[in-house]
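Please read the structure below before turning to the comments.
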Amino acid sequence: MPSRFYFHLVRGQERVIDRAGIKVRREELMSPAALDKVKERWPGTADLDDWEGWSVEIVDAQGDIVRTIAL
Numbered sequence: 196m197p198s199r200f201y202f203h204l205v206r207g208q209e210r211v212i213d214r215a216g217i218k219v220r221r222e223e224l225m226s227p228a229a230l231d232k233v234k235e236r237w238p239g240t241a242d243l244d245d246w247e248g249w250s251v252e253i254v255d256a257q258g259d260i261v262r263t264i265a266l
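Letter by letter, the sequence shown follows residues 196 to 266 in the numbering used here.
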């Protein structure tokens, strides 16, 4: 069953908080398809050169980090 996850952009102390999130199955976040979900939530991240040094913290509804993906 899909749950809501949030995709926060992070670089050092800089943070862009995802307040809306998207509903997705947890197992999708653990697969290579997770990067597609990042691009769905943050379309501008498709050009990875512009996001060098940034990462995405995928967070569940309780605020726990489920996965971190370097851009």
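Where a beta carbon is used, it is the ideal one built from N, C-alpha and C, also for glycine. Bear in mind that the values here come from a model prediction, so they are computed numbers and not experimental data.
Practice task
Using the DSSP secondary-structure output, state which residues sit across from L204 in a beta bridge.
Solution key: Numbered from its first residue, the sequence shown carries residue 204 at position 9. Bridge partners of L204: V211 and V251.
Handout entry: R210, buried or exposed, once every other Cβ within 10 Å from all chains shown has been counted against 16
Key = On the sequence shown, position 15 is the one that residue 210 refers to. R210 comes out exposed.
Problem - First and last residue of the uninterrupted alpha helix (DSSP H) at A229 - result: Taking the first residue of the sequence shown as position 1, residue 229 is located at position 34. A229 to R236 is the span of the alpha helix (DSSP H), which, as asked, contains A229.
Handout entry: Cα-Cα separation, P197 to W237
Key = For the purposes of this step, residue 197 is identified with residue 2 of the sequence shown, where counting begins at 1. For the purposes of this step, residue 237 is identified with residue 42 of the sequence shown, where counting begins at 1. For the pair P197 and W237, the Cα-to-Cα distance works out to about 19 Å.
Problem - I212 to R199 span [Cα, whole Å] - result: In the sequence shown, the residue the question calls residue 212 occupies position 17. In the sequence shown, the residue the question calls residue 199 occupies position 4. Roughly 14 Å separates the two Cα atoms.
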